[in-house]
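Q: Got a structure for you, written out below as structure tokens; questions coming shortly.
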Amino acid sequence: MNHLLQLRPLMTNEELLSEITRLRLERHAVILAHNYQRPEVQAIADYVGDSLGLSRQAAATDADVIVFAGVHFMAETAAILNPDKTVLLPDTRAGCSLADTITAQGVRAWREQHPDGLVVVYVNTTADVKAEADYCVTSGNAVQVVERLPRDVPILFAPDRFLAAHVARLTGRDLHVWEGACHVHEGILPAHVDAARAAHPDAELLIHPECGCSSHVLASLPDTDLHSTEGMITRARASRAEKFVVVTELGMVHRLEREVPGKTFVPVNRTACCEYMKMITLENVYEALRDLTTRVTVTPEVAARAMIPIERMLQIG
Ligand code: 13P
Ligand code: SF4
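In my numbering, the protein residues as written are 943 to 1259.
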């Protein structure tokens, strides 16, 4: 038998786009995309944004199907907020190296040592970890959430040590820090920032708080603000600067160019690219809509516990 005959002919981009348009209507689906997604995936999304904005959109949608163009913890958060909807992740390998640095057991072990303590976890965590937490935060509201916590109890901030350092600096809190990091942001080194600054002395820096280089930058530029990915758009619009060095994952440059036309955005390092985010493609979005795969679910018991810190996150910032 000639196996080649069994191969499905590849669809053109136009065919994919027209099928996605047809299926999203037929399924009453919404496509939510993170700022680090491929440009062509951002282009077909109903909403593109940061983790906080995406969670808010997931909480508010009346669609029957949510296709999450992002990574697994984001789809899980959407599934917790929408137990009756179908939440799809087009490629289940789309994980997160930062979320992988912490387990529910790790949080429980800290609690045993600090029975009066509070646990704040970054949204980049699994549902199991969120279920052990008191508060969930994103880079967009971590400072505001921690500012409101009582001063007389130990606070675990997990799992990103660079975001924790940023929050500790701005709130003056003495946090217990989980020593996790994202491989993409940690890989943006002070030398990369120095080289970009030397090449573009007129540019303003837009730095994400997950970046390992932030303390190096703050040592010489103490007034530098750090921004969530959505915060970078607000800042780029408001700033008088015409040029920016973008110190985060590469996909953000596309979003900035689209949202803030007329200004120039230079990636700090073209290799700062999240392979998990880039696993989502037009092809697998189409297949997800066509086959309603792969569904992301969270057990009702875990979802009920994880919902408490997630709702607190949605209320602030
Ligand atoms: P935000 O888009 O919420 O700033 O988060 C960045 C990130 O790394 C998501 O995985
Ligand atoms: Fe996770 Fe880092 Fe990728 Fe964001 S960029 S999804 S934190 S691995």
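Glycine included, C-beta positions come from ideal geometry on N, C-alpha and C. Please read these numbers as outputs of a predicted model, since none were measured by experiment.
Decide if M943 is buried, meaning its Cβ has at least 16 other Cβ atoms within 10 Å, or exposed.
A: Within the sequence shown, the letter at position 1 stands for residue 943. Per-residue confidence for M943 stands at a pLDDT of 47, beneath the threshold of 50, marking its modelled position as unreliable; no derived number is given.
Q: May I have the straight-line CA-CA distance separating S1081 from D1102, to the nearest angstrom?
A: The residue you call residue 1081 lines up with position 139 of the sequence shown. The residue you call residue 1102 lines up with position 160 of the sequence shown. If you take the alpha carbons of S1081 and D1102, they lie about 10 Å apart.
Q: Contact between the region 1131-1138 and the region 1197-1207: three or more CB pairs below 8 Å?
A: Touching, no.
Q: Determine the closest residue to R1182 out of L1147, R1197, G991, with distance taken between C-alpha atoms.
A: Locating residue 1182 in the sequence shown gives position 240, counting from the first residue. Among L1147, R1197, G991, the Cα nearest to that of R1182 is on L1147.
Q: Quick check on G1114: does DSSP put it in helix, strand or coil?
A: Working through the sequence shown from its first residue, we reach residue 1114 at position 172. Of the three classes helix, strand and coil, the one that applies to G1114 here is coil, per DSSP.
Q: With respect to 8 Å, is the separation between the Cβ of T1190 and the closest non-hydrogen atom of the ligand 13P below this value?
A: Along the sequence shown, read from residue 1 onward, the residue named residue 1190 stands at position 248. Yes, the ligand 13P has a heavy atom inside 8 Å of this Cβ.
Q: Helix, strand or coil for S1170 per DSSP?
A: Here residue 1170 is taken as the residue at index 228 of the sequence shown, counted from 1. It is coil, neither helix nor strand.
Q: Could you check if D1058 is buried or exposed, using at least 16 other CB atoms within 10 Å of its CB as the buried criterion?
A: Along the sequence shown, one-based indexing puts residue 1058 at 116. Exposed, by the Cβ-count rule.
Q: Give, in chain order, every unbroken run of the alpha helix (DSSP H) that is at least 4 residues long and sits entirely within the region 1037-1071.
A: Runs of the alpha helix (DSSP H) inside the region 1037-1071: 1046-1055.
Q: Flag this pair as yes or no: are the beta carbons of A1084 and V1109 separated by less than 9 Å?
A: For the purposes of this step, residue 1084 is taken as residue 142 along the sequence shown, with counting starting at 1. For the purposes of this step, residue 1109 is taken as residue 167 along the sequence shown, with counting starting at 1. Their beta carbons are under 9 Å apart, which means A1084 touches V1109 by this criterion.
Q: Hey, quick one: how far does the alpha helix (DSSP H) through P1242 stretch, first residue to last?
A: Translated into the one-based positions of the sequence shown, residue 1242 becomes position 300. Run containing P1242: 1242-1257, per the alpha helix (DSSP H) assignment.
Q: Which first and last residues belong to the alpha helix (DSSP H) in which E982 is found?
A: Along the sequence shown, one-based indexing puts residue 982 at 40. Element bounds for E982: 981-986.
Q: So for Y1228, helix, strand or coil by DSSP?
A: Your numbering for residue 1228 matches position 286 in the sequence shown. Looking at Y1228 - three-state DSSP - the assignment turns out to be helix.
Q: Of all the options T1190, M1219, V1227, which has the alpha carbon lying nearest to the alpha carbon of V1210?
A: Mapped onto the sequence shown, residue 1210 falls at position 268. Among T1190, M1219, V1227, the Cα nearest to that of V1210 is on T1190.
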